[in-house]
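The listed protein sequences correspond, in order, to chains F and A. Take the first sequence: its letter number 407 is residue 420 in our numbering, and every next letter is one higher. Take the second sequence: its letter number 237 is residue 272 in our numbering, and every next letter is one higher. Beneath this line is the structure, given in structure tokens, with notes to follow.
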Amino acid sequence: MRAGLSWRWVLALWLAAAPLPLRADAPAELPPQWRGRLIAIPEADVSGAEPLMQQAIGEARREVAKLLRASGADLAVLAAAYGRLGALFVLTQVEAQADACLRNAQTLQPRDFRWPYYAGYVAMMAGRTDRALDYLQAAKAINPSYPTLYLRLGKVRLDRGELTKAREALEKIADEPGLLVAANYYLGQIDNLEHRYKDAVAQLQKALAADPGATGVHYPLAQAYRALGQDGLARKHLGQFEVRTPSARDPVLDQLQGAVKRSVPAFEKAIYAVRQGDYKTAATRFAEGLAVAPNNVAARVSYARVLYLIGKKDEAGKELTAALTADPNEVLANFLQGVLFQEKGRNREAAASYRRTLELDPKQAGAYFYLANLDLAAGRYAQAARGYGAALAVDKDIPPARLLELVARRRAGESETEIVKALSNLSVEHPDDLQLRYALARLLAAAKDPKARDPARALEIASQLALIQPMPPHLRALALAEASQGKFDQAVQIEQQAIVAAWMAPPAEVSAMQAELDAYNKHEVPRPAWPLGDPLLSPPPFDPVAPFRDYPTSVPY
Amino acid sequence: MFEGVAYDGTGKATSSMGVDAAHYRDDKDLGIAIGNFANEMASLYVTANARPPFVDEGVLEGLGPSRIPLTFGLLFLDYDLDGWLDLLLANGHLESEIHKVQQSQTYAQPSQLYWNCGPSCASHYVFVTETGDLSEPLVGRGIAYADIDEDGDLDVLITQNGRRPALLRNDQKTGHHWLRVKLEGRPPNTDAIGARLALTAGGVTRYREVMPSRGYLSQIELPVTFGLGPLDRVESLHIIWPDGSTQVLAPKAVDTSLVIEQAPGSPR
Chain F
14 MRAGLSWRWV
24 LALWLAAAPL
34 PLRADAPAEL
44 PPQWRGRLIA
54 IPEADVSGAE
64 PLMQQAIGEA
74 RREVAKLLRA
84 SGADLAVLAA
94 AYGRLGALFV
104 LTQVEAQADA
114 CLRNAQTLQP
124 RDFRWPYYAG
134 YVAMMAGRTD
144 RALDYLQAAK
154 AINPSYPTLY
164 LRLGKVRLDR
174 GELTKAREAL
184 EKIADEPGLL
194 VAANYYLGQI
204 DNLEHRYKDA
214 VAQLQKALAA
224 DPGATGVHYP
234 LAQAYRALGQ
244 DGLARKHLGQ
254 FEVRTPSARD
264 PVLDQLQGAV
274 KRSVPAFEKA
284 IYAVRQGDYK
294 TAATRFAEGL
304 AVAPNNVAAR
314 VSYARVLYLI
324 GKKDEAGKEL
334 TAALTADPNE
344 VLANFLQGVL
354 FQEKGRNREA
364 AASYRRTLEL
374 DPKQAGAYFY
384 LANLDLAAGR
394 YAQAARGYGA
404 ALAVDKDIPP
414 ARLLELVARR
424 RAGESETEIV
434 KALSNLSVEH
444 PDDLQLRYAL
454 ARLLAAAKDP
464 KARDPARALE
474 IASQLALIQP
484 MPPHLRALAL
494 AEASQGKFDQ
504 AVQIEQQAIV
514 AAWMAPPAEV
524 SAMQAELDAY
534 NKHEVPRPAW
544 PLGDPLLSPP
554 PFDPVAPFRD
564 YPTSVPY
Chain A
36 MFEGVAYDGT
46 GKATSSMGVD
56 AAHYRDDKDL
66 GIAIGNFANE
76 MASLYVTANA
86 RPPFVDEGVL
96 EGLGPSRIPL
106 TFGLLFLDYD
116 LDGWLDLLLA
126 NGHLESEIHK
136 VQQSQTYAQP
146 SQLYWNCGPS
156 CASHYVFVTE
166 TGDLSEPLVG
176 RGIAYADIDE
186 DGDLDVLITQ
196 NGRRPALLRN
206 DQKTGHHWLR
216 VKLEGRPPNT
226 DAIGARLALT
236 AGGVTRYREV
246 MPSRGYLSQI
256 ELPVTFGLGP
266 LDRVESLHII
276 WPDGSTQVLA
286 PKAVDTSLVI
296 EQAPGSPR
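Given below as structure tokens:
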């Protein structure tokens, strides 16, 4: 799941939910003279994008609007304005708007190579190979002599499995300076797919000879050597492999992207690398962008995140500190700094960072949740309960918080009767949440307060749980329910099954189960109903990589 | 990683949800299909001449270049009983409001069925567009098959996240013949899990395995279904039991279910 989830925080960085503007502007509601000729560009929600990006989109959109309203607008100027807006939408992954902008630019300047070429590149990056091929063919019809076009065409053909046509395109540029490495990298992949491993070795070695730093080439090369039975060479190249797509000279693309903002192309490449799980390249690109735009705090936070993900934790911490020095109110930087503190066991500082995050943005469900986990672990139960409640008020889809709020309330002294009532309601509301049912079964079986106990119901729930998922905790709940009805022999038998099934459980859990078994053998119901340390009644294990990689998501914890 | 199944063809990690493996070309080459995240194609790692390394031939075999859905469970199954193993993918996103941030994505997504058209086609797999209720968007997760209506073809169950499972009855009307085989092994492996079967009909041999845990958090039925296409006669059924002993039979009938007990002293 690692690479696949990485897009989440990228999206979250650039996009976030927010109300749309109330009145449509000229690009969204085209002036009469343009209707039927151009495609309307609806407002896109980019309120969560970093400030510079929001500002750039706003400016580009206003420029388009001004030109659309003007009488006798220069078509080339309007096309360029649409092109700039489209390029910015590409960066925010608003694909439909990006595509529409570039199509408008193409309509306005049908003989300009840049528009179909860039649209083709965008579609290729989005994995829409049909569309990419159409655009790139249109670009080829305008200017067949632009060499990098054949790299793009070759890549799209390769992505479509059209190996002969891919080879045809790539061979045109296999010796072209600036394109040689990328072309031979793809040609080597084609050879591998066609089981022509000796040819693959030749192509890939040619790429490496031209650029020994093209570390991505080592993987297909290792595959080719492996297939040839040359395992030593295969292992050697695997050892040198790092995910990195060979770069290619593309002045048209650079020109268009450069027109947007000098730092943006680097950030775009960084974001693309993040989406590919290529955090090393992303770190390099973020660093390049920050060299041009050092005050871009959001990008610096993103830089810190990829540094962390490639194992440079100290550097990540320094970048977060730098981001916070530049802008102490940067929400994400505060939150992630809290995560770093918590990882180092500096829980007091972690809690302070989470609190600061929440002062700045009371909608940060993750900060509430992490802070509540710290409070729960420290025995500050009432605070923890309030924290989980606050997290759920922001995002009701944090399943662990539902139960943990009640665990904290109970440990804070709330009556078992009240907790049983609340848990029963929650279980009805969330029938798929087995953890709620587990907690309820245990409490109904072994509550201290006899009024809260209902052994028959406990047995019914625990039996269902054991049937749905006969895992050790559910078997333990079933044993407890049996014991609560005085059926200690059954309890012993079930607990023994649980112990056998728990061969992978940590020693502490096995000891707890052994203690329960001893109690059943003595015809006693083990208490408390909710023992400290029960993993199903505790927060999930702290994993700092997850927030650095995925936060914010709807369920990152 | 050394054998080529850890990453895609360029060395990039993919998300890897459900997994299934089969000799879908009915030769010695093994294919491992893996469902991936949204905007990543499903992987299909295949050996070359029955030897590693595996190479991801997903695109070449017709699974691409569509990269839109998020696949969890996937299964090789012969849905039309023509003898070739088709491929079914259960899709559904993780985020219920994903469409707000990524226009190409939705929470519920249609399942995808790929028909295996055999060696006569350039790619083995062809995307099937007319799939009845199977094309309804689901928040697909686990996927399993069994012949629930006992008509010989395989019906499908797809579990969903937070929603009811979808039980999809296969009403194919190809008229193809079939043979279902349930193996009963010697204790302790009475379900004969791990047994390999090779059925020869019309001069073509089909390879299958008794391996019920497949796809994503799912288990299929134990009987093995062989589609026979128009053939109404089976030449031989070769069984290699999990303990290595072998048994060769010549089933006399088709369109029926056989229960085969492991012979007490079957030769190794």
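Note that beta-carbon positions come from the ideal geometry of N, C-alpha and C, so glycine has one too. Computed from a predicted structure; not experimentally measured.
Asked, Found
"CA-to-CA distance, G70 (chain A) to D291 (chain F), given in whole angstroms", "20 Å"
"Neighbour list for D224 (chain F) in chain A, Cβ cutoff strictly below 7 Å", "Residues of chain A passing the Cβ test: none, with the nearest at roughly 16 Å."
"Residues of the segment 435 to 447 of chain F with Cβ closer than 7 Å to any Cβ of chain A, in chain order", "D445"
"For S292 (chain A), the residue or residues it bridges with in DSSP", "A:R215"
"Cβ-Cβ distance between D168 (chain A) and L129 (chain A) below 7 Å", "no"
"Closest by C-alpha distance to L457 (chain F), when choosing among F:D446, F:E442, F:S315, F:L436", "F:L436"
"The segment 334 to 352 of chain F in contact with the segment 515 to 530 of chain F per 3-pair CB rule at 8 Å", "no"
"Closer than 9 Å at the beta carbon, the chain A residues around Q268 (chain F)", "Going along chain A, no residue has its Cβ under 9 Å from Q268 (chain F), so there is no contact; the nearest lies around 27 Å."
"Secondary structure, beta strand (DSSP E): runs of 3+ residues fully inside the segment 484 to 545 of chain F", "none"
"Rounded Cβ spacing between V81 (chain A) and G44 (chain A) (contact assumed at less than 8 Å)", "Actually they are not in contact, since the Cβ atoms of V81 (chain A) and G44 (chain A) sit about 12 Å apart, beyond 8 Å."
"Endpoints, the beta strand (DSSP E) within which Y180 (chain A) is located", "175 to 181"
"Beta-carbon neighbours of P264 (chain F), restricted to chain A and to distances below 7 Å", "Chain A residues near P264 (chain F): none, gap ~25 Å exceeds 7 Å."
"Under 8 Å from the C-beta of L251 (chain F): neighbouring residues of chain A", "M36, F37"
"The beta strand (DSSP E) enclosing D190 (chain A), as first and last residue numbers", "190 to 195"
"Which of helix, strand or coil DSSP assigns to L35 (chain F)", "With a pLDDT of only 42 at L35 (chain F), under 50, the local geometry of the prediction cannot be trusted, and the value read off the model is given with reservation. Looking at L35 (chain F) - three-state DSSP - the assignment turns out to be coil, as it is neither helix nor strand."
"Beta carbon proximity, A41 (chain A) to chain F, threshold 7 Å", "no"
"Reference N126 (chain A), options A:T194, A:L65, A:A83, closest by Cα", "A:T194"
"Alpha carbon of M36 (chain A) to alpha carbon of P88 (chain A), nearest angstrom", "9 Å"
"The segment 62 to 76 of chain A contacting the segment 323 to 332 of chain F, beta-carbon criterion three pairs below 8 Å", "no"
"Within 8 Å of chain A by C-beta, residues of the segment 375 to 409 of chain F in sequence order", "none"
"Helix, strand or coil at Q396 (chain F) [DSSP, three-state]", "helix"
"Y59 (chain A) versus A:T49, A:E92, A:N74, residue with shortest Cα-Cα distance", "A:E92"
"Under the three-state DSSP convention, the category W150 (chain A) falls into", "strand"
"Nonlocal neighbours in the same chain, by C-beta distance under 7 Å from Y148 (chain F), ignoring five residues either side", "P129, A132, G133, A136"
"CB contact below 7 Å: H128 (chain A) versus chain F", "no"
"Within 7 Å, strictly: CB atoms of F261 (chain A) and R241 (chain A)", "yes"
"Neighbourhood of G53 (chain A) by C-beta distance below 6 Å, restricted to the same chain and skipping five residues each side", "G70, F107, G108, L109, G250, Y251"
"Cutoff 7 Å: Y232 (chain F) Cβ touching any chain A Cβ", "yes"
"Member of F:D563, F:L221, F:Y232 whose CA lies at the smallest distance from the CA of V256 (chain F)", "F:Y232"
"Buried or exposed by the 16-neighbour rule on C-beta atoms within 10 Å, applied to G279 (chain A)", "exposed"
"Local conformation of Y148 (chain F) per DSSP, three classes", "helix"
"Cutoff 7 Å: H208 (chain F) Cβ touching any chain A Cβ", "yes"
"Rounded Cβ spacing between A10 (chain F) and V77 (chain F) (contact assumed at less than 8 Å)", "Not covered by the structure: residue 10 (chain F). The range shown for chain F is 14 to 570."
"CB contact flag (I70 (chain F), A113 (chain F), <7 Å)", "no"
"Nearest-angstrom Cα separation, counted from L176 (chain F) out to P557 (chain F)", "42 Å"
"Environment of R48 (chain A) [buried if 16+ CB atoms lie within 10 Å]", "Checking the sequence, you will find Ala at residue 48 (chain A) rather than Arg. Classification of A48 (chain A): buried, given that the 10 Å Cβ count is 16 or more."
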